[in-house]
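Engineer: Protein chains in written order, with this note's numbering: chain A, 1 to 142; chain B, 1 to 142.
Dropping the structure in here first, questions after.
Number of protein chains: 2
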Amino acid sequence: MSKNITELLRGNGFKVTPQRLAVYEVLANTKEHPNAEMIFSSLQATYPTMSLATVYKTIDILHEIGLVQILNAGEDSFRYDADMSNHAHVRCVECGRVDDVFDLDAAKVTREIEAGTRYRLTGQQFYFYGVCPECQKQGKAH
Amino acid sequence: MSKNITELLRGNGFKVTPQRLAVYEVLANTKEHPNAEMIFSSLQATYPTMSLATVYKTIDILHEIGLVQILNAGEDSFRYDADMSNHAHVRCVECGRVDDVFDLDAAKVTREIEAGTRYRLTGQQFYFYGVCPECQKQGKAH
DNA sequence: TATTAAAGAATAACGATTTTCGAATACCCG
DNA sequence: CGGGTATTCGAAAATCGTTATTCTTTAATA
Ligand SMILES: [Mn+2]
Ligand SMILES: [Mn+2]
Ligand SMILES: [Zn+2]
Ligand SMILES: [Zn+2]
Chain A
1 MSKNITELLR GNGFKVTPQR LAVYEVLANT KEHPNAEMIF SSLQATYPTM
51 SLATVYKTID ILHEIGLVQI LNAGEDSFRY DADMSNHAHV RCVECGRVDD
101 VFDLDAAKVT REIEAGTRYR LTGQQFYFYG VCPECQKQGK AH
Chain B
1 MSKNITELLR GNGFKVTPQR LAVYEVLANT KEHPNAEMIF SSLQATYPTM
51 SLATVYKTID ILHEIGLVQI LNAGEDSFRY DADMSNHAHV RCVECGRVDD
101 VFDLDAAKVT REIEAGTRYR LTGQQFYFYG VCPECQKQGK AH
């Protein structure tokens, strides 16, 4: 995995830097779908000198070489995901967390849409909104 | 249809103004899913004095009284749709147009997700992106 | 038609995200 | 090891859809 990103960076003419590896590691080891600020914060401990600008530029590159997908979950900022598989997401409108949704055959849906619309689809985003299990517990008073 | 919006505005304590009717007419008579700027532009001919701020405020009201839905098609701005049925959208990454996708049973998909996750879902947003038939012809992307 | 509160026009302001800038640093190739 | 140059840092600035403001106009009611 780390080997993969190193090769991909070099192979695309990008230098391999600790910052780039670190940003990718954050995304590869979380299921939280962080935005740029969250990535930046989580690197403060290990990379106190990391610049937010570097996070943004690194994400651009990681996206360009196919290692990171960009999520628009209807918030002000973008979220990022190193899981490049075709899966949907659900955002809790109470606490803001974004979880994976794997119980959806996205490829099948895509095929149906492609047949119906005559578009050649290159991607898709499914977002669901609701209340996560934890917030349901806390908000019993509803 | 115009009768409907008039009643709804009055019934909700809003005044019926030419601007409000005009904004709704644009949305009711197009399939282009315009954003605020596009609505504003398309009204320049008939309402040269229309303010962009009025477009925004009117959309708020139309949304509030259930006449317009707000779309997040993965762009910087929101798009609006007077078709209140539950349907998905597809955006052409070449020319930016946004088309309807009626070949998707969103309610069915939502039920599946709700069963699989433990979220209590309150809404969803699907959008697909790809290359529309016309842009495929022009070979902008082979 | 007069009254009055709501609404519109025009434009300034907003504000969080994202980008830019220039000097310092460090990756990488030979 | 160096030299060349991509990259980083840090702060500042831009971005830009949307909202607030101020003054003017208008819809609704009787
Ligand atoms: Mn994910
Ligand atoms: Mn539509
Ligand atoms: Zn929650
Ligand atoms: Zn197109």
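Cβ coordinates follow ideal geometry from the N, Cα and C atoms, glycine included.
Closest by CA to residue 91(B), which one among 78(B), 85(B), 82(B)?
Structural biologist: Nearest of 78(B), 85(B), 82(B) to residue 91(B), Cα basis: 78(B).
Engineer: Do residue 69(A) and residue 127(B) have their CB atoms nearer than 8 angstroms?
Structural biologist: In this structure, residue 127(B) does not lie closer than 8 angstroms to residue 69(A) by Cβ.
Engineer: Using the three-state DSSP reduction, which class does residue 92(B) fall into: helix, strand or coil?
Structural biologist: Residue state, collapsed to three classes: strand.
Engineer: Given a threshold of 16 other Cβ atoms within 10 Å of its Cβ, counted over all protein chains shown, does residue 9(A) qualify as buried or as exposed?
Structural biologist: Buried is the call here.
Engineer: List the residues of chain A whose Cβ lies closer than 8 angstroms to the Cβ of residue 121(B), in chain order.
Structural biologist: Those within 8 angstroms of residue 121(B) in chain A are 90, 128, 129, 130.
Engineer: Would you report the Cα separation of residue 118(A) and residue 108(A), rounded to the nearest angstrom?
Structural biologist: Using only the alpha carbons, I get a separation of about 15 angstroms.
Engineer: Mind pulling the alpha helix (DSSP H) runs of 4 or more residues that sit fully within the region 33-120 of chain B?
Structural biologist: Whole alpha helix (DSSP H) segments, 4+ residues: 36-42, 52-64, 106-116.
Engineer: Would you decide whether residue 101(B) is buried or exposed? Buried here means 16 or more other CB atoms lie within 10 Å of its CB.
Structural biologist: By the 10 Å Cβ count, residue 101(B) comes out buried.
Engineer: Measuring from the CB of residue 83(B), is there a heavy atom of ligand 2 at a distance below 7 angstroms?
Structural biologist: True, at least one ligand heavy atom lies under 7 angstroms from that Cβ.
Engineer: Looking only at its chain, what residues have a beta carbon closer than 7 angstroms to the beta carbon of residue 60(A), apart from the 5 residues adjacent to it on each side?
Structural biologist: If we look at residue 60(A) and ignore the five residues flanking it on each side, it has no Cβ neighbours.
Engineer: If the cut is a Cβ gap below 8 angstroms, which residues of chain B does residue 112(A) touch?
Structural biologist: Those within 8 angstroms of residue 112(A) in chain B are 103, 104.
Engineer: According to DSSP, is residue 6(B) helix, strand or coil?
Structural biologist: Of the three classes helix, strand and coil, the one that applies to residue 6(B) here is helix, per DSSP.
Engineer: DSSP state of residue 142(B), grouped into three classes?
Structural biologist: Summary for residue 142(B): the model assigns pLDDT 44, below 50, so the residue's position carries little reliability; its value from the coordinates is reported in the next sentence. The answer is coil: DSSP assigns residue 142(B) none of H, G, I, E or B.
Engineer: Measure the C-alpha to C-alpha separation of residue 121(A) and residue 129(B) and round it to an integer number of angstroms.
Structural biologist: Roughly 6 angstroms separates the two Cα atoms.
Engineer: According to a CB-to-CB cut-off of less than 7 angstroms, which residues of the region 59-88 of chain B neighbour chain A?
Structural biologist: Residues 72, 74.
Engineer: On a CA-only basis, which of 134(A), 94(A), 84(A) is nearest residue 31(A)? Give me that one, please.
Structural biologist: Selected option, being the one with the closest Cα: 84(A).
Engineer: Taking CB distances under 8 angstroms as the criterion, tell me whether residue 116(B) reaches chain A.
Structural biologist: Yes, contact with chain A.
Engineer: With distances taken Cα to Cα, identify the nearest neighbour of residue 151(B) among 48(B), 73(B), 115(B).
Structural biologist: Only positions 1 to 142 of chain B appear in this structure, which leaves residue 151(B) out of reach.
Engineer: In chain A, which residues lie with their C-beta within 7 angstroms of the C-beta of residue 125(B)?
Structural biologist: The contacting residues are 74, 127.
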